[in-house]
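In my numbering, the protein residues as written are 2 to 244. Ideal Cβ placement from N, Cα and C applies to all residues, glycine included. In this text, all values refer to a predicted model and were calculated from it rather than measured experimentally. The next block holds one structure in the form of structure tokens; read it before the comments.
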Amino acid sequence: MTSATIVLHQFAPMYGLPNPSPFCIKLETYLRLAKLEYTVATLKGPPRSPTGKAPYIEIDGEVLCDSGLIVAELERRYGHPVDGKLTLSERAQSLAFQRMMEEHLYWAAVYARWLDPENAQAIRGYIRDVTGIPAVLMPIVGPLIQRRIKATLLNQGLGRHPPQTIWRLAMADVDALAHWLGQRPWAFGDSPTTVDAVMFAFIASVVRTPWDFPLKAHTVKHRNLVDHTQRMLASCFPELATS
2 MTSATIVLHQ FAPMYGLPNP SPFCIKLETY LRLAKLEYTV ATLKGPPRSP
52 TGKAPYIEID GEVLCDSGLI VAELERRYGH PVDGKLTLSE RAQSLAFQRM
102 MEEHLYWAAV YARWLDPENA QAIRGYIRDV TGIPAVLMPI VGPLIQRRIK
152 ATLLNQGLGR HPPQTIWRLA MADVDALAHW LGQRPWAFGD SPTTVDAVMF
202 AFIASVVRTP WDFPLKAHTV KHRNLVDHTQ RMLASCFPEL ATS
């Protein structure tokens, strides 16, 4: 239990997921694994954080941004209730896989959710659902948002590739996760750790997106990753486990 009140600012649940943002899912999952008490402040518009992004938390009158930095600060304050038993080698593996998901796989998921021309109609509905933009404004505002995201992917690098290459690169990430997890229930044995929270966040975001795309079709073939997602839902989000 925490002595300070943690207020988690994030988007509303969507599509049977705790959140449309994998970074919000990651942080809320960590809070539940760590058994830290918190309340949720659901965002009604763009995040009003110093970085302009979600999630962010308020604690002791301080605003903290970036899910990874937030986890590090919570560990500084409350110890290591989630990763405390990991060896240095296991911590190194955990960090490497987290970086792969957050800095590479994530961008393929962004492409799938916001830009994939094969799912233009579904994506328009997603943009409307996530942003709350009135339908009458979607023909104007929707393309503006997509152009901004496309520019971000170009700067990041993945967006410079054709779709088939984006999918192939992301599938390699998923294959690496599946082979690493193997038949273990969790990444490091019998108890979930932070990397499990991240894996859950990103795999669930792919397989629970309610339209089809190559990365989703590839990911669901890995039964161990799908089972890992269901296991975390049942453990941390039982209210969503059957949805």
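Practice task
On a CA-only basis, which of Ile204, Leu32, Thr230, Phe189 is nearest lysine 86? Give me that one, please.
Solution key: Phe189
Practice task
Apply the 10 Å Cβ neighbour rule to alanine 113 and answer buried if 16 or more other Cβ atoms are within range, or exposed otherwise.
Solution key: buried
Handout entry: Length of the line joining the Cα atoms of alanine 242 and proline 47
Key = 28 Å
Handout entry: Unbroken stretches of the beta strand (DSSP E), 3 residues or longer, contained in the segment 23 to 104
Key = 39 to 43, 57 to 60, 63 to 66
Problem - Residues that DSSP places opposite glutamine 11 in a beta bridge - result: Thr43
Problem - Simplified DSSP state of leucine 170, which is helix, strand or coil - result: helix
Practice task
Determine the DSSP secondary structure at tryptophan 187, reduced to helix, strand or coil.
Solution key: strand
Problem - Nonlocal neighbours in the same chain, by C-beta distance under 7 Å from methionine 2, ignoring five residues either side - result: Below a pLDDT of 50, predicted positions are generally treated as unreliable, and methionine 2, at 48, falls in that range; the measurement from the model is reported next regardless. Glu38.
Handout entry: Contact between the segment 184 to 204 and the segment 141 to 157 (3+ Cβ pairs under 8 Å)
Key = no
Exercise for the section: Mind reading off the beta-carbon distance from histidine 10 to leucine 44? Whole number of angstroms is fine, and I expect it under 8 Å. Expected result: 6 Å
Problem - methionine 2 - DSSP class collapsed to helix/strand/coil - result: Caution applies to methionine 2, whose pLDDT of 48 falls short of 50 and renders its modelled position unreliable; the value that the coordinates give is listed next. Three-state result, methionine 2: coil.
Exercise for the section: Give the single residue among Ile134, Val221, Thr210, Met233 whose Cα lies nearest to the Cα of methionine 15. Expected result: Thr210
Exercise for the section: For the segment 176 to 187 and the segment 73 to 84, state whether three or more C-beta atom pairs, one from each stretch, are separated by less than 8 Å. Expected result: no
Practice task
Answer yes if the segment 53 to 64 comes into contact with the segment 91 to 107, meaning at least three C-beta pairs across the two stretches below 8 Å, and no otherwise.
Solution key: no
Practice task
With a threshold of 16 other CB atoms inside 10 Å of the CB of leucine 245, please say whether the residue is buried or exposed.
Solution key: The requested residue 245 is not part of the displayed model; the chain covers only 2 to 244.
Problem - glycine 69 versus Ala42, Lys36, Pro23, Ser90, residue with shortest Cα-Cα distance - result: Pro23
Practice task
Measure the beta-carbon distance from leucine 159 to asparagine 225 and round it to whole angstroms, keeping in mind my assumption that it falls under 8 Å.
Solution key: About 26 Å; that fails the 8 Å criterion.
Practice task
Kindly indicate the opening and closing residues of the alpha helix (DSSP H) around leucine 234.
Solution key: 224 to 237
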